[in-house]
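The next block holds one structure in the form of structure tokens; read it before the comments.
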Amino acid sequence: MNPIYLDNNATTACDPAVVEAMLPFFTEQFGNPSSMHSFGNKVAHALKEARGRVQALLGAEHESEIVFTSCGTESDSTAILSALKAQSGRNQIITTAVEHPAVLTLCDYLEKEGVVVHRLGVDKKGRLDLDEYRSLLSPRTAIVSVMWANNETGTIFPVETMAEMARSVGAMFHTDAVQAVGKIAIDLKSTKIDMLSLSGHKLHAPKGVGVLYLRRNTRFRPLLRGGHQERGRRSGTENSASIVGLGVAAQQALDHMGYENTEVKRLRDRLEAGILPRVPRSFVTGDPANRLPNTANIAFEFVEGEAILMLLNRQGIAASSGSACTSGSLEPSHVMRAMGIPYTAAHGTIRFSLSRYTTEAEIDRVIEAVPPIIAQLRKLSPYWSENGPVEASEQGFAPAYA
Amino acid sequence: MWDYSDKVREHFFNPRNAGPLEGANAIGDVGSIKCGDALRLMLKVDPQDERILDAHFQTFGCGSAIASSSALTEMAKGKTLDEALAISNQDIADYLDGLPAEKMHCSVMGREALQAAVANYRGETWSDDHVEGAMVCKCFAVDAALIEDVVRANNLTTVEQVTNFTKAGGGCSSCHEGVEEILAKVAGERCTAPVPEVKTIEVTPPKAKPVQPRLTNFQRMRRIEEVIESIRPMLQRDHGDIEIVEVDGRNIYVNLKGACQGCMMEQMTLAGIQDQLVEALGEFVQLLPAGLLARAAIPA
Ligand SMILES: Cc1ncc(COP(=O)(O)O)c(C=O)c1O
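Residue numbers (the numbering used here), protein chains in the order written: chain A, 1 to 402; chain B, 403 to 702.
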């Protein structure tokens with residue numbers, strides 16, 4: 001039985017064309033792009049081509065707005081720290097409660113250093129309140145950092161509108177678009193977004209390469225100082241093989257944008273329509289009407305996510321969960337908690353994330369596999385009896401120290 | 403994916419004694435839905451000699467929670483209640499050829515279920531006495547609750563001391579920030595000086611903000627003094643005090659005295675007062691300990 005990979009929001013397989021394009025850069029094309037000889041020259045030329053391809057995928061106005069980094073996390077840190085350093089007198093950050101830890105953990109740290117951090121909450125469907133956002137914007141706002149799409153639920157935030165609002169008070173706007181790039185169309189030149197982070201390994205390029213988009217004329221301070229690479233905005237000899245790979249992946253993503261938003265979306269919808277009616281007490285989390293085409297996050301009440309994953313894994317199906325146990329922490333996912341999903345459901349959330357390689361036969365196999373797994377685990381669960389949850393009653397399950 | 407032993411996997415995929423038990427006369431319900439674990443242990447006890455004739459479980463939880471429950475029922479069967487009570491969480495983990503450090507609480511839950519079931523049989527009430535904290539040091543499996551207790555009991559103030567007492571922090575160094583946070587929290591409890599709210603500054607929407615006329619130097623000094631004066635009574639109540647030493651452009655140097663000085667809250671106190679000054683002056687200023695003034699004066 002072939003394994004089925006439905007964890008593409010965690011990372012993706014490298015596209016074969018990406019791997020092929022990269023290989024020469026480990027062998028004959030080993031030159032340093034900064035060198036003044038033909039070894040370096042060819043590599044420099046390849047980097048320029050990759051930069052142009054990323055520019056096209058993002059709809060950026062200038063090629064020089066693309067800064068290659070080592071990952072999405074580095075791009076996020078660079079953007080936020082730069083905005084604080086480059087604008088004295090502005091010491092506030094506005095972000096959301098559902099950002100990736102790459103942003104949230106940094107903000108927690110900065111808060112301890114005296115930066116004021118506002119975290120916008122979300123409603124039950126994971127949506128932001130723009131009036132609340134407006135009320136927080138001020139001449140003290142250094143930067144607004146809001147993800148384009150959420151990695152757990154796929155919910156899309158109105159970053160274009162939010163960027164305009166930030167501009168109106170002179171604040172910078174950054175978006176962590178690590179999950180959005182390659183899945184939905186983006187045209188940065190027609191927005192007011194100042195900075196954007198992307199990560200190669202989420203769009204079939206290798207791990208360990210990312211991009212910070214930096215709008216021309218945005219005040220900036222580098223994170224890494226040293227050589228003049230990336231015009232001094234990100235020093236360190238370029239990861240040429242990976243950058244070339246990312247260029248090819250960007251081109252491929254652009255070519256497949258239509259497919260992603262029709263066929264991949266159709267398979268995602270088929271998966272949900274196949275599972276939900278067959279599993280009582282299950283529901284889709286996030287905002288189903290406004291999300292990435294490849295992501296389905298389903299909560300299965302009264303069962304625990306890691307147990308589901310282990311049983312799925314035994315059948316060769318890979319997905320991920322927002323349960324506490326899968327992360328080794330004591331709390332379920334901060335995204336589920338921010339949406340007010342009850343604990344009994346948050347622990348049982350499973351994220352299926354598809355890619356353009358996902359087939360209908362695979363989706364059908366998952367639809368067959370999931371309902372019996374949930375039924376099997378519910379049979380073990382003290383919160384469940386026969387056909388439904390145990391009601392809070394005399395016989396009900398009410399553990400000590402709950 | 404966790405690195406589970408074959409035994410854990412086997413007990414998870416083929417749990418023993420799962421499901422309700424007819425005629426159970428000892429039932430223990432423990433766990434916490436918040437943490438994602440809950441267990442009902444059901445025993446059938448022979449009233450003659452208190453021997454456990456049968457044991458079943460129902461568990462909401464991860465792979466190791468289900469495997470630990472399954473192991474527990476196997477271990478308990480055939481034992482008397484007193485013998486069963488002697489089963490430790492390490493025994494359960496050993497029975498499964500070990501559990502990852504982060505998952506040891508699953509075996510703790512099993513032991514507690516046993517205690518709760520025995521109490522239920524004997525007509526006693528059992529209450530949980532262990533507080534579980536998030537795992538801080540993964541190298542030596544030390545959680546936040548333990549570190550906090552040790553810090554409090556021994557008046558510890560540095561990461562090195564915590565490492566000496568608990569081993570936490572003696573491995574890969576990744577938890578040093580976490581340990582420092584616990585130290586700061588406990589130190590904050592020791593120091594009772596009020597912390598001016600850091601985050602409650604009213605943010606005025608830009609259009610509503612009146613254009614502030616530029617202050618003269620004299621007005622500016624006065625305003626700085628007013629803010630500091632308004633804060634002093636609060637600090638004095640807790641045997642602390644603050645005095646302005648120098649105003650140098652954006653930098654305002656102050657002395658924190660008495661109970662506030664050197665306390666872990668000093669930074670936070672300064673940050674809170676700074677925010678009030680920024681608000682009152684309508685410009686960005688930095689509040690710094692006067693100690694830095696001396697240093698700044700020495701040419702580099
Ligand atoms: C929304 C989001 N931001 C940032 C990251 C981090 O990217 P990287 O792994 O390249 O540092 C991820 C990846 O998990 C992500 O999903």
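Note that CB positions come from ideal geometry on N, CA and C, so glycine has one too.
| field | Any non-hydrogen atom of ligand 1 closer than 6 Å to threonine 73/A Cβ | value | yes
| query | Is the Cβ-Cβ distance between cysteine 539/B and alanine 586/B less than 7 Å? | reply | no
| message | If I measure Cβ to Cβ from glycine 340/A and keep anything under 6 Å in the same chain, skipping five residues before and after, which residues do I get? | response | Lys124
| Which class does cysteine 539/B belong to by DSSP, given the choice of helix, strand or coil? | strand
| query | Looking at C-beta atoms only, is the number of pairs between the stretch 18–33 of chain A and the stretch 264–276 of chain A that lie closer than 8 Å three or more? | reply | no
| said: Quick test of the definition: if touching needs 3 or more C-beta pairs under 8 Å, does the stretch 377–389 of chain A touch the stretch 449–464 of chain B? | reply: yes
| said: Tell me which residue opens and which closes the beta strand (DSSP E) that glycine 642/B is part of. | reply: 642–650
| request: With DSSP as the reference, label isoleucine 143/A as helix, strand or coil. | output: strand
| task | Please check if any C-beta of chain E sits within less than 7 Å of the C-beta of glutamine 638/B. | result | Looking at the structure shown, chain E is missing, and the protein chains on hand are A and B.
| message | Do alanine 205/A and alanine 249/A have their beta-carbon atoms positioned less than 7 Å apart in this structure? | response | yes
| message | So, at 7 Å on beta carbons, what are the nonlocal neighbours of arginine 625/B in its own chain, with the 5 sequence-adjacent residues on each side left out? | response | Leu617, Ala682, Leu683
| CB contact check: arginine 442/B to chain A, cutoff 7 Å | yes
| C-alpha gap between leucine 695/B and threonine 671/B, whole angstroms | 18 Å
| request: Helix, strand or coil for tyrosine 406/B, going by three-state DSSP, please let me know. | output: coil
| field | Per-residue burial, proline 422/B [other beta carbons within 10 Å of its own, 16 or more giving buried] | value | exposed
| First and last residue of the uninterrupted beta strand (DSSP E) at leucine 354/A | No beta strand (DSSP E) holds leucine 354/A; DSSP gives it neither H nor E.
| Close Cβ partners of valine 303/A (< 7 Å) along its chain, the five nearest in sequence each way excluded | Gly348, Ile374, Leu377, Arg378, Ser381
| Residue interval of the alpha helix (DSSP H) (run including arginine 453/B) | Segment 453–462 is the beta strand (DSSP E) holding arginine 453/B; no alpha helix (DSSP H) there.
| said: Is phenylalanine 686/B close to chain A? Criterion is C-beta to C-beta, closer than 7 Å. | reply: yes
| message | Less than 6 Å separating the Cβ of asparagine 151/A from some heavy atom of ligand 1? | response | yes
| said: Taking CB distances under 7 Å as the criterion, tell me whether threonine 461/B reaches chain A. | reply: yes
| field | Interface residues of chain B facing histidine 334/A [CB-CB closer than 8 Å] | value | Neighbours of histidine 334/A on chain B: none; closest Cβ ~13 Å, over 8 Å.
| query | Among Ser190/A, Ala166/A, Gly210/A, which has the Cα closest to the Cα of glycine 181/A? | reply | Checking the displayed sequence, the identity of residue 181/A turns out to be valine instead of glycine. The candidate whose alpha carbon is nearest that of valine 181/A is Gly210/A.
| beta strand (DSSP E) containing isoleucine 94/A: first to last residue? | 92–96
| said: Bridge partners for leucine 441/B per DSSP, in chain order? | reply: Val432/B, Thr461/B
| Cβ separation of glutamate 152/A and asparagine 297/A, assumed to be a contact under 8 Å, to the nearest whole Å | 6 Å
| With burial defined as no fewer than 16 other Cβ atoms inside 10 Å of the residue's Cβ, what is the status of cysteine 574/B: buried or exposed? | exposed
| message | Give me the DSSP bridge partner(s) of aspartate 7/A. | response | Ser353/A
| Excluding the five sequence neighbours on either side, which residues of its own chain have a C-beta within less than 7 Å of the C-beta of leucine 81/A, listed in chain order? | Leu223
| field | Residues of the stretch 465–493 of chain B with Cβ closer than 7 Å to any Cβ of chain A, in chain order | value | Gly465, Ile468
| Closer than 7 Å to chain A by CB, glycine 500/B | no
| query | leucine 455/B: buried (16+ other C-beta within 10 angstroms of its C-beta) or exposed? | reply | exposed
| query | Mind checking if glycine 114/A is an interface residue toward chain B, Cβ cutoff 7 Å exclusive? | reply | yes
| query | serine 75/A CB to nearest chain B CB: under 7 Å? | reply | no
| query | Taking C-beta to C-beta, are alanine 536/B and alanine 546/B nearer than 7 Å? | reply | yes
| field | Residues bridged to proline 691/B [DSSP beta-bridge criterion] | value | Val656/B
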